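Colleague: Right, I'll just put the structure down here and ask away after.
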Amino acid sequence: MRIDESGAAASLNRQSPSEGQEGAMTRESLLVATLVELADNLVDNFDVIDVLTLLCDRAVKSVDVNAAGVMLTAPGGELQYLASSSDSMRILELFQIQANEGPCVDCVRDGLPIINVELTSPDERWPRFSPRAIELGFHSVHCLPMRLRGRTIGALNLFRNEMGTLNDEDVIIAQGMADVSTIAILQHRSSLDATTLNDQLSRALNSRIIIEQAKGMVSESTQCTMDEAFERLRAHARNHNLGLTVVATSIVDGTLTSKDLDQPRTNSGTTSSS
Amino acid sequence: MSRAKKTWRMATDRLVDIFALLARYEKGGASEGSLCLVAAEITELSGAGIALSSDSNLMTSMGTTTGPATELMDIEITLREGPCTDACRGEDAVEDIDLLRGSTPRWVVYTPQAIAVGARAVFGFPVRIGAVRLGALSLYRDKRGALTYEQASDGYLMASVIGRAILAMQAGASGNALATELEREATFDFAIHQAAGILAIQGFTDVGSALVLLRTHAFATNTPISTLATRVIAHQTSYDSKSAMWSEETS
Chain A
0 MRIDESGAAA
10 SLNRQSPSEG
20 QEGAMTRESL
30 LVATLVELAD
40 NLVDNFDVID
50 VLTLLCDRAV
60 KSVDVNAAGV
70 MLTAPGGELQ
80 YLASSSDSMR
90 ILELFQIQAN
100 EGPCVDCVRD
110 GLPIINVELT
120 SPDERWPRFS
130 PRAIELGFHS
140 VHCLPMRLRG
150 RTIGALNLFR
160 NEMGTLNDED
170 VIIAQGMADV
180 STIAILQHRS
190 SLDATTLNDQ
200 LSRALNSRII
210 IEQAKGMVSE
220 STQCTMDEAF
230 ERLRAHARNH
240 NLGLTVVATS
250 IVDGTLTSKD
260 LDQPRTNSGT
270 TSSS
Chain B
0 MSRAKKTWRM
10 ATDRLVDIFA
20 LLARYEKGGA
30 SEGSLCLVAA
40 EITELSGAGI
50 ALSSDSNLMT
60 SMGTTTGPAT
70 ELMDIEITLR
80 EGPCTDACRG
90 EDAVEDIDLL
100 RGSTPRWVVY
110 TPQAIAVGAR
120 AVFGFPVRIG
130 AVRLGALSLY
140 RDKRGALTYE
150 QASDGYLMAS
160 VIGRAILAMQ
170 AGASGNALAT
180 ELEREATFDF
190 AIHQAAGILA
200 IQGFTDVGSA
210 LVLLRTHAFA
220 TNTPISTLAT
230 RVIAHQTSYD
240 SKSAMWSEET
250 S
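Chains as they are written, first to last, in numbering that gives the first Met the number 0: chain A, 0 to 273; chain B, 0 to 250.
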């Protein structure tokens, strides 16, 4: 699974099509813009958490769902949280890990997509997850496996506020996004022996931990919320063309101080959750 | 839909294996290298060692299995080169799956000495918690060959268990009774990492020391570390560096 660097739209500068105007875009043009932006991100020395957060934001806008999130299997098989489009999705992803129950747990265990499952309370299949999800406003769930050579390395969760079904087209788009997530995690590795694949998974998960450590520092020293801290790290990374993890590492090792971070634009189109 | 387990192993199952094995070795009195014995057994390799790294890039041994693993660790610490040294400094696992192959060894001085003590393939896994680098897990085998996916995965899993063990010991836990300590909080949730960031600022210290601070206070107050972390994030519990005292918000 390789991306031909020369063929991608690398010449586009990192202009996001979002920033407030995607409301006027048709779904097709939003999808094309998203694919171009992802391709642009994936040719550079990109940051996996940043790309996956972007992907979750765009999944919500392109597919008929209200929240999206990516979970990964750590070395050893344990599920871990990587990215999400909203706070409630993050809460439910972390809940699934703790309870060891829910659509993502089943999807990764079986390696099969979960499509159009309506949540009920009480629920036989997910007795603990379903009531919690309903409490947070979700009524149907979908989960697409991130597969690589017969192995499921994670999953893309898509939750809807309403009952009702995703159409076939939405399912195809969603699986495409799950596949892009897989490519993002593999970075530019063309050969993937056993150790390298574990390296990539471990790196992605450790990136997330570095970002959480940096968020704690930024929120405490500038008296802001964790989400605001995340947006400041993200804005600084974008403005200075640095990886999100690179910026977070600089905060943790003290080479960059929280007050020197750029402020995110107040009117930015991103609503993603840290 | 099939609920069959297929090839996916539950992480908790694997961790349960690790903790059960650790408890068995600790009970048997193999205090020195219990974690190393578990690492070697779980990855099905010949031997293991754990190196701690400091800011100045110096390594010290935290223990090894007996035999060649001890010699390999001594060689690395003396020469400051080898898989463990590289893993301490780098991002990824380090390996040479066939030390005898080729005329240009990866480590000029280390490789011939490693061969002389009986190693044919060597591996190093970084031990880290986010941006905090604690050291590396060193593994060797007396036959050449690459790791399978499961072995590499177990190497990483073992490295993460060792990371938490190092924290627990720095926070005062006994090196002979780690299994019960580690089992109690098998997964580090994100609240812990955020709380460590907050405490680093409150305590004017680095995130690594903040993690130890958090762990120590959790021990002292007999509170689960994730509960304490949640309180720190909510500013219900905070740390004052001047007095070196914790304070609780009274509500």
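Virtual Cβ for every residue (Gly too), placed ideally from N, Cα, C. Predicted model, so just to flag it, every value in this text is computed and none were measured.
What's the gap between the Cα of B/Leu14 and the Cα of B/Gly207?
Modeller: Between B/Leu14 and B/Gly207, the C-alpha separation is close to 24 Å.
Colleague: For A/Leu165, would you say it is in contact with chain B, using Cβ-to-Cβ distances shorter than 8 Å as the test?
Modeller: Chain B contact via Cβ: absent.
Colleague: Quick one: is B/Asp54 buried, meaning 16 or more other Cβ sit within 10 Å of its Cβ, or exposed?
Modeller: The residue is exposed, with fewer than 16 neighbouring Cβ atoms inside 10 Å.
Colleague: Note down, in chain order, every chain E residue with its Cβ under 7 Å from the Cβ of A/Asn205.
Modeller: Note that chain E does not occur in the displayed structure, where the protein chains are A and B.
Colleague: In the structure shown, what three-state DSSP assignment does A/Phe45 receive?
Modeller: The answer is coil: DSSP assigns A/Phe45 none of H, G, I, E or B.
Colleague: Would you mind working out which of A/Asp261, A/Gly215, A/Val140 sits nearest A/Val170, comparing C-alpha positions?
Modeller: Checked all of A/Asp261, A/Gly215, A/Val140; the closest Cα to A/Val170 is A/Val140.
Colleague: Quick test of your reading: A/Leu243 and A/Ala236, contact by CB under 8 Å. State the CB separation rounded to the nearest angstrom.
Modeller: That pair is a contact at about 4 Å.
Colleague: Taking 8 Å as the threshold (C-beta atoms), are A/Ala173 and A/Ala58 in contact?
Modeller: Yes, the pair counts as a contact, with Cβ atoms nearer than the cut-off.
Colleague: Mind checking B/Ala195: buried by the 16 CB within 10 Å criterion, or exposed?
Modeller: By the neighbour-count rule (16 or more Cβ atoms within 10 Å), B/Ala195 is buried.
Colleague: So, with DSSP's three-state summary, where would you put B/Gly134?
Modeller: Here B/Gly134 sits in strand by DSSP.
Colleague: Could you spell out the range, first to last residue, of the beta strand (DSSP E) harbouring A/Ala66?
Modeller: Looking at the DSSP string, the run of the beta strand (DSSP E) that includes A/Ala66 is 66–72.
Colleague: Quick one: Cα of B/Ile114 to Cα of B/Ala47, how far?
Modeller: Those two C-alpha atoms are separated by around 16 Å.
Colleague: Between B/Thr59 and chain A, is the shortest Cβ-Cβ distance under 8 Å, so that the two count as touching?
Modeller: Answer no: the Cβ-Cβ gap between B/Thr59 and chain A never drops below 8 Å.
Colleague: Here's the rule I'm using: 16 or more other beta-carbon atoms within 10 Å means buried, otherwise exposed. How should A/Gln222 be labelled?
Modeller: Label assigned to A/Gln222: exposed.
Colleague: So, does the CB of A/Asp198 fall closer than 8 Å to a CB anywhere in chain B?
Modeller: Interface residue, yes.
Colleague: So what's A/Ile152 in DSSP terms, helix, strand or just coil?
Modeller: Correct three-state label for A/Ile152: strand.
Colleague: Which ranges does the beta strand (DSSP E) cover as unbroken runs of at least 3 residues, wholly within the stretch 122–153 of chain A, from first to last along the chain?
Modeller: Counting only runs of 3 or more, we get 139–147.
Colleague: For A/Ser218, return the contacting residues in chain B, with the cut-off set at a CB-CB distance below 8 Å.
Modeller: Here the neighbours are Gln193, Gly196, Ile197.
Colleague: Under 8 Å, Cβ to Cβ, is there at least one residue of chain B near A/Glu100?
Modeller: Taking Cβ atoms only, chain B never reaches closer than 8 Å to A/Glu100, which makes this a no.
Colleague: Locate the beta strand (DSSP E) running through B/Pro111, then write down its first and last residues.
Modeller: First-last for B/Pro111: 109–115, but that is the alpha helix (DSSP H), not the beta strand (DSSP E).
Colleague: Confirm, please, whether the CB-CB distance from A/Val251 to B/Ala130 is below 8 Å.
Modeller: Yes.
Colleague: Quick check: the stretch 200–217 of chain A against the stretch 36–48 of chain A, are at least 3 beta-carbon pairs closer than 8 Å?
Modeller: Touching, yes, given that three or more Cβ pairs across the two stretches are closer than 8 Å.
Colleague: Select from B/Asp141, B/Leu44, B/Ile197 the residue whose C-alpha is nearest the C-alpha of B/Thr229.
Modeller: For B/Thr229, the nearest C-alpha among the options comes from B/Ile197.
Colleague: Mind checking who B/Asp95 pairs with in its DSSP beta bridge?
Modeller: DSSP output for B/Asp95 lists B/Val121 as bridge partner(s).
Colleague: Would you kindly work out how many angstroms separate the C-alpha atoms of A/Ser257 and A/Met216, rounded to a whole number?
Modeller: Going by the C-alpha atoms only, they are around 7 Å apart.
Colleague: Under 8 Å between C-beta atoms, does A/Gly76 make it to chain B?
Modeller: With 8 Å as the cut-off, A/Gly76 counts as an interface residue toward chain B.
Colleague: For A/Ser87 and B/Asn175, I'd like the C-alpha separation in whole angstroms.
Modeller: If you take the alpha carbons of A/Ser87 and B/Asn175, they lie about 41 Å apart.
Colleague: Do B/Leu78 and B/Val108 have their CB atoms nearer than 8 Å?
Modeller: Closer than 8 Å, so yes.
Colleague: Would you say B/Asp153 faces chain A, with C-beta separation under 8 Å as the test?
Modeller: Chain A, which has a Cβ nearer than 8 Å to the Cβ of B/Asp153, makes this yes.
Colleague: Per the DSSP calculation, B/Val126 is bridged to which residue(s)?
Modeller: Note: B/Val126 sits in a beta bridge opposite B/Gly134.
Colleague: Exposed or buried, which one is A/Phe128 when buried takes at least 16 other CB atoms within 10 Å?
Modeller: Buried: at least 16 other Cβ atoms inside 10 Å.
Colleague: How would you call A/Asn166, buried or exposed, if buried means at least 16 neighbouring beta carbons within 10 angstroms?
Modeller: Exposed, by the Cβ-count rule.
Colleague: How is B/Gln201 classed by DSSP in three states: helix, strand or coil?
Modeller: Correct three-state label for B/Gln201: helix.
Colleague: Short check: CB of B/Gly81 to CB of B/Glu75, under 8 Å?
Modeller: Cβ atoms of B/Gly81 and B/Glu75: closer than 8 Å.
Colleague: Just verifying my parser: in three-state terms, what is the DSSP assignment at A/Gly175?
Modeller: Reduced to three states, the DSSP call for A/Gly175 is helix.
Colleague: Taking a cut of 7 Å between CB atoms, which residues from the stretch 32–48 of chain B lie near chain A?
Modeller: Flagged: no residues at all.
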